[in-house]
Amino acid sequence: MRRLALALLLMLTGPALAQEFPIPGRPITLMGGFAAGTPGDVYLRLIAPILSQSLGVPVVVEARVGATGNLAMEALARAAPDGHMVGLVTSGQLTINPAIFPRMPVDTVQDLAPVMTLFDAPNVLAVSTAQRPGYTDCRAMMAAIRARPGQLNYASSGSGASTHLAAAQFVAATGLDILHVPYRGGPAAMIGLYQGDAEFFFYQTGPVLEDWRAGRVRLLGITAANRVPALPELPTIAEACGLPGFRSSVWWGIALPARTPEPVIARLRTAIGEATATPEIQERVLGMGFTLMPGGAEAMRAAIARDLPRWAAVVKASGARLE
0 MRRLALALLL MLTGPALAQE FPIPGRPITL MGGFAAGTPG DVYLRLIAPI LSQSLGVPVV
60 VEARVGATGN LAMEALARAA PDGHMVGLVT SGQLTINPAI FPRMPVDTVQ DLAPVMTLFD
120 APNVLAVSTA QRPGYTDCRA MMAAIRARPG QLNYASSGSG ASTHLAAAQF VAATGLDILH
180 VPYRGGPAAM IGLYQGDAEF FFYQTGPVLE DWRAGRVRLL GITAANRVPA LPELPTIAEA
240 CGLPGFRSSV WWGIALPART PEPVIARLRT AIGEATATPE IQERVLGMGF TLMPGGAEAM
300 RAAIARDLPR WAAVVKASGA RLE
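Each residue of the sequence shown is one higher than the one before, counting from 0 in numbering that gives the first Met the number 0.
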């Protein structure tokens with residue numbers, strides 16, 4: 000009888016206990032595939048103490064850097080679906096990686112639960128101020144490259160990275176005859192730019208702004224659909240290069256393991272939304288050249304469905320492929 004009573008008690012209370020969130024004293028892990036000091040890492044470390052206060056439990060940041068974000072996504076997908084591991088993901092991880100990795104460790108549609116979209120993160124077209132003084136605008140740069148077909152290079156932070164695909168879209172749209180040189184990360188590509196080994200580099204706005212303010216690089220355009228608040232004087236690539244409709248950016252969002260209960264998703268969506276709306280975080284994120292992209296789970300699903308075929312076509316045209 001005691002066993003029967005215990006079984007009935009577990010049947011009645013088990014689901015409620017399993018869905019308790021957050022579990023008192025148990026920390027929440029913010030998982031990201033971003034190196035220390037990069038925009039994604041900065042954002043997570045900014046919201047962690049705010050979430051800890053609002054949810055009443057410790058919140059820690061964990062970075063699993065590697066495989067273009069696949070390591071972090073795999074850890075997230077394999078975590079318990081109880082809300083205690085939360086992932087900051089990008090559309091690059093969710094919609095570009097499936098096109099460039101022949102064997103993905105995660106089904107980005109089936110293995111993750113979308114929570115919300117956050118920001119749109121464009122790239123900027125950067126050239127070396129010292130090495131290419133004649134590249135005063137996009138049209139001047141294109142004219143110089145067309146004068147030496149097949150002899151010049153452009154840089155990227157790696158084959159298949161958003162910096163590569165933005166440049167590949169640009170090259171296809173302009174018909175430039177120029178070679179792709181993938182570097183091992185953004186800093187290495189910037190060195191190639193400074194040394195004159197590359198004509199241009201499409202880089203994320205956050206990391207390049209310091210170099211721009213110091214006068215080391217000249218920015219010729221931004222890949223967003225519209226000008227961004229942090230750089231209102233910088234034209235879009237569509238404006239600067241005469242390419243109507245040109246846009247190439249990735250967006251950030253929050254995801255959880257698949258099968259996470261909806262009340263947990265809703266609680267986290269509210270808490271992260273409130274944290275992101277604080278003036279300090281708004282100032283920091285918008286100051287990196289990002290724009291707000293607020294949306295819930297359905298908006299995130301729609302963005303994934305839209306971007307999967309779009310990036311697959313761009314990747315195919317670029318020839319990018321990773322093992």
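Note that CB positions come from ideal geometry on N, CA and C, so glycine has one too.
Asked: Got a sec? Which residues, its chain only, sit under 6 Å from residue 307 by beta carbon, not counting five neighbours each side?; Found: 94
Asked: Look at the Cβ atom of residue 164, then the Cβ atom of residue 313, and state whether they are nearer than 8 Å.; Found: yes
Asked: If distances are taken between C-alpha atoms only, which option among 257, 280, 288, 284 comes closest to residue 323?; Found: No information on residue 323 is available, as it lies outside the stretch 0 to 322 that the chain covers here.
Asked: To the nearest angstrom, how far is it from the Cα of residue 200 to the Cα of residue 79?; Found: 40 Å
Asked: I believe residue 117 touches residue 252 by the beta-carbon criterion, under 8 Å. Please report the beta-carbon distance rounded to the nearest angstrom.; Found: 6 Å
Asked: Taking all protein chains shown into account, do 16 or more other C-beta atoms lie within 10 angstroms of the C-beta of residue 106, making it buried, or fewer, making it exposed?; Found: exposed
Asked: Is the region 148 to 158 touching the region 168 to 178 in the sense that three or more CB pairs, one from each, lie closer than 8 Å?; Found: yes
Asked: Residues in the same chain with beta-carbon distance under 6 Å from residue 247, minus the five sequence neighbours each way, listed in chain order, please.; Found: 165, 168, 222
Asked: Can you check which of these residues, 261, 128, 138, 226, is closest to residue 241 by C-alpha distance?; Found: 138
Asked: In its own chain, which residues sit with a C-beta less than 8 Å from the C-beta of residue 250, not counting the 5 before and 5 after it?; Found: 89, 90, 116, 117, 118, 119, 120, 292, 302
Asked: Counting C-beta neighbours from all protein chains within 10 Å, is the total for residue 122 16 or more, i.e. buried, or is it exposed?; Found: buried
Asked: Can you give, in chain order, each stretch of the beta strand (DSSP E) that sits fully within the region 173 to 250 and has at least 3 residues?; Found: 178 to 181, 200 to 203, 216 to 221
Asked: Identify whether residue 114 lies in helix, strand or coil by the three-state DSSP scheme.; Found: strand
Asked: In the structure shown, what three-state DSSP assignment does residue 27 receive?; Found: strand
Asked: Taking only the alpha-carbon atoms, compute the straight-line gap between residue 76 and residue 254 and give it to the nearest angstrom.; Found: 9 Å
Asked: Going by the beta-carbon positions, is the gap between residue 85 and residue 27 smaller than 8 Å?; Found: yes
Asked: Should residue 190 go down as buried or exposed, given a rule of 16 or more other Cβ atoms within 10 Å for buried?; Found: exposed
Asked: Which of the three DSSP states, helix, strand or coil, is assigned to residue 301?; Found: helix
Asked: Contact between the region 62 to 70 and the region 224 to 237 is defined here as three or more beta-carbon pairs at a separation below 8 Å; is this criterion met?; Found: no
Asked: Taking one C-beta from the region 274 to 285 and one from the region 44 to 52 each time, how about it: are there three or more such pairs within less than 8 Å?; Found: yes
Asked: Mind checking which residues open and close the alpha helix (DSSP H) that includes residue 51?; Found: 38 to 54
Asked: Could you have a look at residue 290 and say whether DSSP puts it in helix, strand or coil?; Found: strand
Asked: Once you ignore the five residues that flank residue 233 on each side, which residues in its own chain have a CB closer than 6 Å to its CB?; Found: 218, 221
Asked: Only counting runs of 4 or more residues, tell me where the alpha helix (DSSP H) segments fall wholly within the region 66 to 109, in order along the chain.; Found: 69 to 77, 96 to 99
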